[in-house]
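Residue 29 is where the sequence shown starts when you use our numbering, and the numbers rise one by one after that.
Note that beta-carbon positions come from the ideal geometry of N, C-alpha and C, so glycine has one too.
No experiment lies behind these values; they were computed from the predicted model shown.
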Amino acid sequence: MMSVLKAEDGTRLTKRFDMERRVQEYYTSLFASKSVVPLVEDNREEEEIPQILISEVRTAVQNLKADKAPGPD
29 MMSVLKAEDG TRLTKRFDME RRVQEYYTSL FASKSVVPLV EDNREEEEIP QILISEVRTA
89 VQNLKADKAP GPD
(Lines of atoms letter the chains of each structure in order from A and count residues from 1; the text may use other names and numbers.)
(Lines give C-alpha, C1' and ligand atoms only; values in the text may rest on other atoms or scores of the structure.)
Protein backbone atom coordinates (compact mmCIF):
# COMPACT_ATOMS: atom_id res chain seq x y z
CA MET A 1 0.00 0.00 0.00
CA MET A 2 1.20 3.50 -0.77
CA SER A 3 2.16 5.62 2.22
CA VAL A 4 2.01 9.03 0.48
CA LEU A 5 0.03 10.38 -2.45
CA LYS A 6 0.34 13.82 -4.01
CA ALA A 7 -2.89 15.80 -4.32
CA GLU A 8 -3.74 17.88 -7.36
CA ASP A 9 -2.60 21.05 -5.57
CA GLY A 10 0.72 19.44 -4.66
CA THR A 11 0.02 18.71 -1.00
CA ARG A 12 0.99 15.32 0.36
CA LEU A 13 -1.80 13.00 1.44
CA THR A 14 -0.87 10.45 4.09
CA LYS A 15 -4.24 9.40 5.53
CA ARG A 16 -5.83 6.40 3.85
CA PHE A 17 -9.23 8.10 3.55
CA ASP A 18 -7.72 11.16 1.83
CA MET A 19 -5.71 9.00 -0.58
CA GLU A 20 -8.75 6.88 -1.46
CA ARG A 21 -10.81 10.00 -2.09
CA ARG A 22 -8.08 11.49 -4.34
CA VAL A 23 -7.78 8.27 -6.35
CA GLN A 24 -11.55 8.17 -6.79
CA GLU A 25 -11.59 11.83 -7.90
CA TYR A 26 -8.77 11.20 -10.37
CA TYR A 27 -10.40 8.23 -12.07
CA THR A 28 -13.83 9.86 -12.05
CA SER A 29 -12.43 12.88 -13.89
CA LEU A 30 -10.36 10.69 -16.18
CA PHE A 31 -13.28 8.59 -17.39
CA ALA A 32 -15.77 11.47 -17.41
CA SER A 33 -13.59 13.45 -19.79
CA LYS A 34 -15.53 15.09 -22.58
CA SER A 35 -12.52 15.41 -24.87
CA VAL A 36 -13.13 13.92 -28.28
CA VAL A 37 -10.32 12.09 -29.98
CA PRO A 38 -10.60 12.53 -33.74
CA LEU A 39 -10.89 9.35 -35.77
CA VAL A 40 -8.22 8.66 -38.34
CA GLU A 41 -9.69 7.42 -41.56
CA ASP A 42 -7.91 4.57 -43.26
CA ASN A 43 -8.34 5.13 -46.96
CA ARG A 44 -6.22 2.19 -48.00
CA GLU A 45 -8.00 -0.39 -50.04
CA GLU A 46 -8.71 -3.53 -48.12
CA GLU A 47 -6.50 -6.28 -49.38
CA GLU A 48 -8.32 -9.43 -50.23
CA ILE A 49 -7.61 -12.34 -47.95
CA PRO A 50 -7.44 -15.59 -49.89
CA GLN A 51 -9.73 -18.40 -48.84
CA ILE A 52 -8.29 -21.26 -46.82
CA LEU A 53 -8.45 -24.43 -48.84
CA ILE A 54 -9.41 -27.72 -47.21
CA SER A 55 -6.48 -29.36 -48.97
CA GLU A 56 -4.09 -26.88 -47.29
CA VAL A 57 -5.53 -27.66 -43.85
CA ARG A 58 -5.40 -31.39 -44.51
CA THR A 59 -1.74 -31.18 -45.60
CA ALA A 60 -0.80 -29.06 -42.56
CA VAL A 61 -2.50 -31.45 -40.13
CA GLN A 62 -0.95 -34.51 -41.76
CA ASN A 63 2.52 -32.92 -41.49
CA LEU A 64 2.19 -32.45 -37.70
CA LYS A 65 4.50 -34.66 -35.67
CA ALA A 66 2.78 -37.22 -33.46
CA ASP A 67 2.88 -36.79 -29.66
CA LYS A 68 4.21 -33.24 -29.89
CA ALA A 69 2.83 -29.95 -28.59
CA PRO A 70 3.51 -26.55 -30.15
CA GLY A 71 5.93 -24.18 -28.45
CA PRO A 72 9.28 -24.50 -26.72
CA ASP A 73 10.01 -27.33 -24.29
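Within 7 Å, strictly: CB atoms of residue i and residue j
| i | j | result |
| --- | --- | --- |
| T39 | V32 | no |
| A35 | R49 | no |
Three-state class that DSSP yields for residue i in the structure shown
| i | result |
| --- | --- |
| L81 | coil |
| L33 | strand |
| L92 | coil |
| L58 | helix |
Distance, residue j Cα to residue i Cα
| i | j | result |
| --- | --- | --- |
| K96 | D70 | 42 Å |
| Y55 | S63 | 15 Å |
| A60 | E53 | 10 Å |
| N91 | E76 | 27 Å |
| G99 | K93 | 13 Å |
| V85 | M47 | 57 Å |
| L58 | V68 | 22 Å |
| D78 | T87 | Residue identity differs from the one stated: residue 78 is Pro in this sequence, not Asp. P78 and T87: Cα-Cα distance of roughly 17 Å. |
| D37 | P66 | 31 Å |
Proximity winner among the options, relative to residue i (alpha-carbon distances)
| i | options | result |
| --- | --- | --- |
| L81 | E75, E74 and V89 | V89 |
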